[in-house]
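Anchor point for the sequence shown: position 306 equals 306 in UniProt numbering, and the numbering is continuous, going up by one each time.
Every residue gets a Cβ at the ideal spot worked out from N, C-alpha and C, and that includes glycine.
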Amino acid sequence: MGETITLSIHDIPQPDLVNEILWSQMSQHLRTACMKPVDGQTDFQPLPYTAGQLLGRLGFALGYYDARLTNLFRWAAGSAEGDNFTYALTPRNKRHLAAFVALVTRRPAPEIEGYLDEIENDQALRTHFQTVLKGRQGPMDQGFHPGRRMGWYAVARALKPRVVIETGVHTGHGSITLAAALMRNQAEGFPGRYYGTDIAPAAGILFQGPYAEMGTILYGDSLESLKKLDGPIDLFINDSDHSATYEREEYRVIEPKLSAHAVVLGDNAHVSDSLLEHARETGRTFLFFREDPINHWYPGAGIGAMFPTST
């Protein structure tokens with residue numbers, strides 16, 4: 001089980017064997033799917049399709065997943081990442097992200113689009129990323145692809161926050177992205193400070209050099225670290241323990257420390273309603289942006305945003 005596997009084109013089964021393997025797998029999935037109750041429906045009866053008709057229908061549906069399946073196989077054999085996947089966003093998705101951030105920050109969309117271009121073309125940040133990772137084995141792939149973190153950057157640029165807090169630093173992708181925004185804000189006369197929290201002592205490998213000068217990482221339980229930080233907090237990003245209960249508790253702890261114009265971003269909003277519920281309880285507005293990665297099998301996460309309701 002621990003041996004290194006080397007794949008070649010000759011390892012791929014011939015078409016007739018592929019069909020046999022596919023039918024074996026598909027028939028097993030079909031039996032399982034047809035036996036599994038869905039929405040309380042226990043009397044499911046499959047229609048009398050022949051095996052050929054079923055394969056045809058499955059082939060038609062799988063056609064919608066061709067690119068994603070191709071990317072899945074390429075990732076499985078060629079990526080060092082097992083979580084916190086990195087990828088670029090489709091051009092349309094970036095336009096949607098700009099519209100989302102413009103609404104959250106109440107800034108013109110062209111301004112936000114400029115910030116997204118700014119982070120995407122930040123050569124100093126890309127060089128820093130490659131330099132830190134040079135010669136290292138996993139858990140990150142080469143190439144800086146911030147994905148939805150571009151939205152974090154744009155929010156930080158638009159709001160010009162004095163205090164930014166991110167819970168759940170992990171490798172530090174978000175840390176250096178936010179620090180880059182604060183560096184540009186500072187150059188424009190708007191100083192700000194970054195605080196990250198993470199329970200893992202080794203977290204934040206990317207948070208080095210000039211980016212580390214923009215803030216600090218607090219190690220230990222995120223809730224305890226948040227209790228020790230003073231307000232007002234202008235931008236808060238939840239990306240730590242991804243349980244809905246822990247997420248909700250973070251919002252409860254920071255609530256009295258938020259500034260009047262604060263924006264809260266949730267990295268868990270694609271699977272949790274914690275930020276939506278907190279927004280409703282506190283009379284704020286909630287909005288969600290869904291990622292659409294390019295050239296990756298992962299369907300994407302997103303950004304939940306809580307911000308003051310306009311009057």
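> Ala88 and Tyr115: beta carbons closer than 9 Å?
Replying inline: For Ala88 and Tyr115, no; Cβs fall outside 9 Å.
> Where does Ile205 sit, in a helix, a strand or coil, going by DSSP?
Replying inline: It is coil, neither helix nor strand.
> With DSSP run on the structure shown, which of helix, strand or coil describes Ser272?
Replying inline: The DSSP-derived three-state label of Ser272 is coil.
> Is the beta carbon of Val263 sitting closer than 9 Å to the one on Leu235?
Replying inline: Cβ atoms of Val263 and Leu235: closer than 9 Å.
>> Tell me which residue opens and which closes the alpha helix (DSSP H) that Leu55 is part of.
In response: Its alpha helix (DSSP H) spans residues Ala51 to Leu62.
> For Arg126 versus Val163, is the C-beta distance shorter than 9 Å?
Replying inline: No, the pair does not count as a contact, with Cβ atoms beyond the cut-off.
>> So if DSSP puts Tyr219 in a beta bridge, which residue, or which two residues, is it bridged to?
In response: DSSP output for Tyr219 lists Asp198 as bridge partner(s).
>> Let me see if you follow: with CB-CB separation under 9 Å, is Arg57 close to chain D or not?
In response: Here there is only one protein chain, and chain D is not present.
>> Taking the straight line between their C-alpha atoms, what separation do you get for residue 393 and Pro293?
In response: Residue coverage of the chain in this structure runs from 1 to 311, which leaves residue 393 outside it and unanswerable.
>> Taking 7 Å as the limit between beta carbons, can you name the residues of its chain near Ile205, skipping five residues before and five after?
In response: Cβ neighbours of Ile205 beyond the five flanking positions: Val132, Thr171 and Gly172.
>> Once the 5 residues before and after Met306 are set aside, which same chain residues still bring their CB inside 6 Å of it?
In response: The residues are Val264, Leu275, Ala279, Arg284 and Phe286.
> By how many angstroms is the C-alpha of Phe73 removed from the C-alpha of Ser79?
Replying inline: Annotation: Ser79 to Phe73 spans about 10 Å, alpha carbon to alpha carbon.
>> With DSSP as the reference, identify every bridge partner of Met306, one or two as the case may be.
In response: Under the DSSP definition of a beta bridge, Met306 partners with Val264 and Phe286.
> Quick one: what's got a C-beta closer than 7 Å to Thr90's C-beta in the same chain, skipping five residues either side?
Replying inline: Closer than 7 Å at Cβ, skipping near neighbours: Asp292 and Ile294.
>> Considering only their Cβ atoms, is the gap separating Ala301 from His270 smaller than 9 Å?
In response: Closer than 9 Å, so yes.
> Can you tell me the Cα-Cα spacing of Ala202 and Gly220, whole angstroms?
Replying inline: Distance between the alpha carbons of Ala202 and Gly220 is about 11 Å.
> Hey, quick one: how far does the beta strand (DSSP E) through Leu235 stretch, first residue to last?
Replying inline: Where Leu235 is concerned, the enclosing beta strand (DSSP E) starts and stops at Ile233 to Asn238.
> With burial defined as no fewer than 16 other Cβ atoms inside 10 Å of the residue's Cβ, what is the status of Phe129: buried or exposed?
Replying inline: By the neighbour-count criterion, in which 16 or more other beta carbons inside 10 Å mark a residue as buried, Phe129 falls on the buried side.
>> Check for me: the beta strand (DSSP E) holding Thr105 runs from which residue to which?
In response: Unbroken run through Thr105 is the alpha helix (DSSP H), Pro91 to Thr105; no beta strand (DSSP E).
> Going by DSSP, what residues sit across from Ala88 in a beta bridge?
Replying inline: Ala88 has Ile294 as its beta-bridge partners, per DSSP.
> For Leu7, does the count of other Cβ atoms within 10 angstroms reach 16, so buried, or fall short, so exposed?
Replying inline: Low confidence applies here, because Leu7 scores a pLDDT of 48, under 50, leaving its location unreliable; read the following figure in that light. The residue in question, Leu7, is exposed, as its Cβ has fewer than 16 Cβ neighbours within 10 Å.
> Can you give the Cα-Cα distance for Ile199 and Gln45, rounded to whole angstroms?
Replying inline: Cα to Cα, the separation comes out at about 50 Å.
> Buried or exposed: which applies to Glu166, given that a residue is buried once 16 or more other Cβ atoms fall within 10 Å of its Cβ?
Replying inline: Around the Cβ of Glu166, a 10 Å sphere holds 16 or more other Cβ atoms; the residue is buried.
> Are the segment 48-63 and the segment 88-107 in contact at 8 Å, needing three or more beta carbon pairs?
Replying inline: Because the criterion of three Cβ pairs below 8 Å is not met, the segment 48-63 and the segment 88-107 do not touch.
> What do you get for Leu69, buried or exposed, if any count of 16 or more other CB atoms within 10 angstroms of its CB means buried?
Replying inline: By the Cβ-count criterion, Leu69 is exposed, with fewer than 16 other Cβ atoms from all chains shown falling within 10 Å of its own Cβ.
>> By the three-class DSSP mapping on this structure, what secondary structure does Ile119 have?
In response: Secondary structure at Ile119: helix, using DSSP grouped into helix, strand and coil.
>> Looking only at its chain, what residues have a beta carbon closer than 6 Å to the beta carbon of Ile112, apart from the 5 residues adjacent to it on each side?
In response: Within the same chain, Cβ atoms closer than 6 Å to the Cβ of Ile112 are found at Ala98, Val101, Ala102 and Ala154, the five residues on either side in sequence being excluded.
> With distances taken from CA atoms, which of Trp297, Arg149 and Pro232 is nearest Asp267?
Replying inline: Looking at the Cα atoms, Arg149 is the closest of the given residues.
> What's the C-alpha gap between Glu247 and Leu223?
Replying inline: Rounded to whole angstroms, Glu247 to Leu223 spans 10 Å at the Cα level.
> Just the Cα atoms here: how many angstroms apart are His296 and Tyr65?
Replying inline: In a straight line, the C-alpha of His296 is about 11 Å away from that of Tyr65.
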